[in-house]
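2 protein chains.
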Amino acid sequence: MNRAKPIRRKLDIKNGRVELSHGSGGRAMAQLINDIFHAAFDNDWLRSNNDQASLDALPGRLVMTTDGYVVSPLFFPGGDIGSLSVHGTINDIAMGGATPKYLSASFIIEEGFPFADLERIAQSMGEASRAAGVPIVTGDTKVVERGKADGVFISTAGVGVLPEEISLSSDKARPGDAVLVSGSMGDHGVAIMSRRENLQFDVEILSDSAPLHGLVADMIAAAGGSLRVMRDPTRGGLAAALNEIALQSDVGFAIEEALIPVKPQVAAACEFLGLDPLYVANEGKLVAICEAQAAETLLAAMRAHPLGKNASMIGHVVEDENNFVEMKTGFGGGRIVDWLSGEQLPRIC
Amino acid sequence: MNRAKPIRRKLDIKNGRVELSHGSGGRAMAQLINDIFHAAFDNDWLRSNNDQASLDALPGRLVMTTDGYVVSPLFFPGGDIGSLSVHGTINDIAMGGATPKYLSASFIIEEGFPFADLERIAQSMGEASRAAGVPIVTGDTKVVERGKADGVFISTAGVGVLPEEISLSSDKARPGDAVLVSGSMGDHGVAIMSRRENLQFDVEILSDSAPLHGLVADMIAAAGGSLRVMRDPTRGGLAAALNEIALQSDVGFAIEEALIPVKPQVAAACEFLGLDPLYVANEGKLVAICEAQAAETLLAAMRAHPLGKNASMIGHVVEDENNFVEMKTGFGGGRIVDWLSGEQLPRIC
Numbered sequence: 127m128n129r130a131k132p133i134r135r136k137l138d139i140k141n142g143r144v145e146l147s148h149g150s151g152g153r154a155m156a157q158l159i160n161d162i163f164h165a166a167f168d169n170d171w172l173r174s175n176n177d178q179a180s181l182d183a184l185p186g187r188l189v190m191t192t193d194g195y196v197v198s199p200l201f202f203p204g205g206d207i208g209s210l211s212v213h214g215t216i217n218d219i220a221m222g223g224a225t226p227k228y229l230s231a232s233f234i235i236e237e238g239f240p241f242a243d244l245e246r247i248a249q250s251m252g253e254a255s256r257a258a259g260v261p262i263v264t265g266d267t268k269v270v271e272r273g274k275a276d277g278v279f280i281s282t283a284g285v286g287v288l289p290e291e292i293s294l295s296s297d298k299a300r301p302g303d304a305v306l307v308s309g310s311m312g313d314h315g316v317a318i319m320s321r322r323e324n325l326q327f328d329v330e331i332l333s334d335s336a337p338l339h340g341l342v343a344d345m346i347a348a349a350g351g352s353l354r355v356m357r358d359p360t361r362g363g364l365a366a367a368l369n370e371i372a373l374q375s376d377v378g379f380a381i382e383e384a385l386i387p388v389k390p391q392v393a394a395a396c397e398f399l400g401l402d403p404l405y406v407a408n409e410g411k412l413v414a415i416c417e418a419q420a421a422e423t424l425l426a427a428m429r430a431h432p433l434g435k436n437a438s439m440i441g442h443v444v445e446d447e448n449n450f451v452e453m454k455t456g457f458g459g460g461r462i463v464d465w466l467s468g469e470q471l472p473r474i475c
Numbered sequence: 127m128n129r130a131k132p133i134r135r136k137l138d139i140k141n142g143r144v145e146l147s148h149g150s151g152g153r154a155m156a157q158l159i160n161d162i163f164h165a166a167f168d169n170d171w172l173r174s175n176n177d178q179a180s181l182d183a184l185p186g187r188l189v190m191t192t193d194g195y196v197v198s199p200l201f202f203p204g205g206d207i208g209s210l211s212v213h214g215t216i217n218d219i220a221m222g223g224a225t226p227k228y229l230s231a232s233f234i235i236e237e238g239f240p241f242a243d244l245e246r247i248a249q250s251m252g253e254a255s256r257a258a259g260v261p262i263v264t265g266d267t268k269v270v271e272r273g274k275a276d277g278v279f280i281s282t283a284g285v286g287v288l289p290e291e292i293s294l295s296s297d298k299a300r301p302g303d304a305v306l307v308s309g310s311m312g313d314h315g316v317a318i319m320s321r322r323e324n325l326q327f328d329v330e331i332l333s334d335s336a337p338l339h340g341l342v343a344d345m346i347a348a349a350g351g352s353l354r355v356m357r358d359p360t361r362g363g364l365a366a367a368l369n370e371i372a373l374q375s376d377v378g379f380a381i382e383e384a385l386i387p388v389k390p391q392v393a394a395a396c397e398f399l400g401l402d403p404l405y406v407a408n409e410g411k412l413v414a415i416c417e418a419q420a421a422e423t424l425l426a427a428m429r430a431h432p433l434g435k436n437a438s439m440i441g442h443v444v445e446d447e448n449n450f451v452e453m454k455t456g457f458g459g460g461r462i463v464d465w466l467s468g469e470q471l472p473r474i475c
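First to last, the sequence lines map onto chains A and B.
Everything in the first sequence is counted per the numbering used here, starting at 127 for the first residue and increasing by one.
Everything in the second sequence is counted per the numbering used here, starting at 127 for the first residue and increasing by one.
Rendered as structure tokens:
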């Protein structure tokens with residue numbers, strides 16, 4: 127009796143689709159993982175085929191984070207759910223001031239999802255991970271029946287290591303501190319909405335999805351202990367990020383509309399779609415709060431990095447028991463930038 | 127002008143349901159996270175309200191893992207998706223020989239899901255996490271439209287720390303090694319299937335869902351460097367676990383049916399449902415492969431732990447270029463325990 131060793135025949139990636147058997151723990155799942163995920167992520171931790179990855183010790187305090195990605199559509203101008211799931215989790219690590227080291231990825235896939243789309247997503251994740259220097263070291267795949275999910279959902283988790291002198295937290299903003307953003311607001315959300323609504327613009331609007339840990343490393347080198355808070359303004363945009371920090375630090379903000387970078391085409395699309403760019407998600411931008419005397423140095427360091435070249439100081443932290451975010455508008459007026467109460471943009475990330 | 131600070135009014139957990147706004151990044155999401163997740167998980171890392179948790183340094187090599195949980199039904203005899211998502215990820219860390227330290231949790235929730243069920247799941251996660259001594263330090267919540275998911279999916283990730291002398295991997299089984307299981311096979315899968323099929327038995331069949339890191343610590347203390355491989359036989363059961371190890375270590379297995387513990391009620395239910403207990407998922411059992419001369423010591427250590435009291439030595443590793451798992455059956459015959467090719471039990475975990 128002789129039996130061929132399993133996992134021989136390649137998946138028919140061009141025409142095939144995910145079936146329930148690909149989540150069974152049997153041979154079909156091993157083949158899917160091998161031909162699509164291991165091929166795309168390509169590292170020794172995954173090739174060891176264990177249910178966990180054994181990694182080197184990390185010298186310093188750990189930082190851990192996780193995010194689920196349910197963005198719709200899965201592919202959009204400037205990115206896709208795969209690269210987004212790498213960038214977003216890297217950014218959450220970086221916002222703690224830490225250096226991202228390793229990622230995990232959990233896939234929940236709807237029966238019938240095309241292999242070709244899954245491969246495209248996995249390749250995009252692999253490329254984003256290699257470009258950022260943060261490997262995907264372990265993963266999991268589940269399949270649910272048709273109609274019980276929406277294509278694919280991805281949850282990534284990340285660990286990083288924190289330099290000794292850094293201690294950032296959203297409760298550390300103090301009156302007088304400067305508020306900086308690393309670039310234009312609203313690009314990601316508007317790119318997604320434009321694709322959903324099939325809008326065409328003269329200048330295509332691309333998602334800003336990008337990994338921010340390189341920019342953050344430069345910021346820490348320049349301003350180190352003067353940094354108080356960093357946040358990436360994703361869901362709910364700049365407005366949600368500032369309101370959260372205001373609440374957690376028990377302060378207020380005074381910001382100036384004219385100083386907040388918004389691309390003309392994004393502003394135009396927002397007007398058309400009835401959106402306010404301050405509430406629209408970003409996936410490659412950050413808000414930083416630092417001691418006032420370090421602000422110019424920090425701004426210069428940000429502008430010297432490709433992902434911070436349009437950085438701007440947009441205002442400062444004020445004492446305010448109401449924790450308001452107050453914005454001076456273009457015509458000398460003012461308004462409160464309140465929390466978003468309903469849902470402006472579901473499934474934006 | 128005076129504004130009440132947000133997040134004042136409690137969620138109506140008894141009658142309320144999750145809406146899209148609970149995934150928006152705004153005030154509704156903050157309230158959901160605060161009233162349900164922070165209340166259930168209750169620790170300082172979460173209360174800091176950052177997008178990442180800052181943790182102490184871990185002295186030693188890291189282990190990282192992730193798993194998605196899509197079990198249906200969400201509540202089953204002996205557990206629910208919440209406790210399962212804690213136990214399963216702890217067990218993947220433990221199977222690497224590591225001590226689990228921290229968990230993350232990503233929730234993907236269907237619009238309309240009852241708050242009461244979400245709270246029950248979160249409470250169950252919190253209890254499982256505290257009982258195991260492994261805190262959930264960071265999380266994320268996404269909401270998708272009705273009909274685009276199935277209640278709730280949870281992805282947990284975990285990190286642990288690996289003692290210096292331990293090096294377990296599924297490619298380390300060697301001919302002559304002993305094969306042990308920590309207890310009865312098939313309980314979890316049969317508990318789920320019984321609930322799905324509305325079966326009643328004289329003796330209720332409960333899921334074996336449990337955290338195995340305590341048992342593993344005792345095993346390492348007793349047999350340390352003699353341990354070669356550990357696996358928790360989840361999807362695909364004992365059959366899938368042994369076939370994977372056989373392939374990855376390029377060996378075969380000779381096991382004896384009479385030595386594999388299966389509860390009488392589980393055997394009866396399997397016969398009724400047309401299942402083979404060797405292919406049915408477990409969530410609180412492990413397979414261990416160790417050097418032959420350490421087997422008795424290891425078995426004694428396992429039996430001294432509450433989660434290993436029915437541990438059994440079921441056979442040994444053999445040289446086999448076909449990587450077969452051969453089983454001596456009750457009547458002196460033999461059969462090959464092959465890979466599962468189709469899907470026996472979708473959404474078992």
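From the three backbone atoms N, C-alpha and C, an ideal C-beta is built for every residue, glycine too.
Treat the numbers as computed from the prediction; the structure is a model and nothing was measured.
At a Cβ-Cβ threshold of 7 Å, Ala183 of chain A and Gly223 of chain B do not count as neighbours. Contact holds between the region 407-426 of chain A and the region 338-354 of chain A, because three or more Cβ pairs, one in each stretch, are under 8 Å apart. With distances taken between CA atoms, Glu445 of chain A lies nearest to A:Ala380 out of A:Gly315, A:Ser211, A:Ile139, A:Ala380. CA-to-CA, the gap between Glu237 of chain B and Tyr195 of chain A works out to about 16 Å.
Under the three-pair Cβ rule at 8 Å, the region 203-222 of chain A does not count as touching the region 306-315 of chain B.
The beta carbons of Gly400 of chain A and Asp334 of chain A sit no closer together than 7 Å. Annotation: the continuous alpha helix (DSSP H) that includes Gly214 of chain A extends over 207-221.
Between Leu181 of chain A and Tyr228 of chain A, the C-beta gap is smaller than 7 Å, which places the two residues in contact.
Note: Glu452 of chain A is bridge-paired with A:Ala380, A:Ile462 in the DSSP secondary-structure output.
For Ser308 of chain A, there are no neighbours in chain B by C-beta distance under 9 Å, as the nearest C-beta there is about 16 Å away. By the criterion of a C-beta distance shorter than 7 Å, Lys298 of chain B is surrounded in its chain by Arg354, Val355, Ser375, once the five residues flanking it on both sides are discounted. At the C-beta level, Thr264 of chain A and Thr192 of chain B come within 7 Å of one another. For Cys475 of chain B, the secondary structure class from DSSP, reduced to helix, strand or coil, is coil. A residue is called buried when at least 16 other Cβ atoms come within 10 angstroms of its Cβ; Lys389 of chain B meets this threshold and is buried.
In the three-state DSSP reduction, Ser180 of chain B falls in the strand class (E or B). Interface criterion met: the Cβ of Phe279 of chain B is under 7 Å from a Cβ in chain A.
Interface annotation, Asp193 of chain B: in contact with chain A, CB-CB separation under 7 Å. According to the DSSP secondary-structure assignment, Gly302 of chain A is paired through a beta bridge with no residue. Taking C-beta separations shorter than 6 Å and ignoring five residues to either side along the sequence, the partners of Leu158 of chain A in its chain run His148, following chain order. Going by DSSP, Arg187 of chain A is part of the beta strand (DSSP E) stretching over 187-195. For a cut-off of 8 Å, the C-beta gap from Gly208 of chain A to Ile247 of chain A is around 4 Å, short enough to register as a contact. Looking at the DSSP output, Val392 of chain B bridges to nothing.
The distance from the Cβ of Gly378 of chain A to that of Ala384 of chain A is about 19 Å, inconsistent with a contact at the 8 Å cut-off. Distance from the Cα of Val463 of chain B is smallest, within the candidate group B:Val443, B:Leu404, B:Gln419, for B:Leu404. Spanning the alpha carbons of Gln419 of chain A and Ala427 of chain A requires a straight line of approximately 14 Å.
Here the alpha carbon of Glu145 of chain B sits roughly 21 Å from the alpha carbon of Ala367 of chain A. In this structure, the alpha-carbon of Ile474 of chain A lies about 6 Å from that of Gly315 of chain A. Contact note: Gly152 of chain A reaches chain B through Gly362, Ala366, Trp465, Leu466, Ser467, using a C-beta cutoff of 7 Å and chain order. Taking a beta-carbon distance threshold of 7 Å, Ala418 of chain B does not count as an interface residue toward chain A.
In the assembly as shown, Glu291 of chain A is an exposed residue. Its beta-carbon has fewer than 16 other beta-carbons within 10 Å. Taking each of B:Asn175, B:Ala254, B:Arg143 in turn and checking the Cα distance to Asp218 of chain A, the smallest one comes out for B:Asn175. In this structure the region 327-341 of chain B does not lie against the region 273-282 of chain B, because fewer than three pairs of beta carbons, one per stretch, are closer than 8 Å. Collapsing the DSSP output to three states places Arg361 of chain A in coil. Cβ proximity to chain B below 8 Å picks out Asp218, Ile219, Met221, Gly222, Ala224, Tyr228, Ser230, Ala231, Ser232, Phe233, Ile234 from the region 205-234 of chain A.
Neighbours of Leu353 of chain B in chain A, taken as residues at a C-beta separation under 7 Å, are lacking, since the least C-beta distance is about 14 Å. Inter-residue distance for Val260 of chain B and Gln178 of chain B is about 17 Å (C-alpha atoms, whole angstroms).
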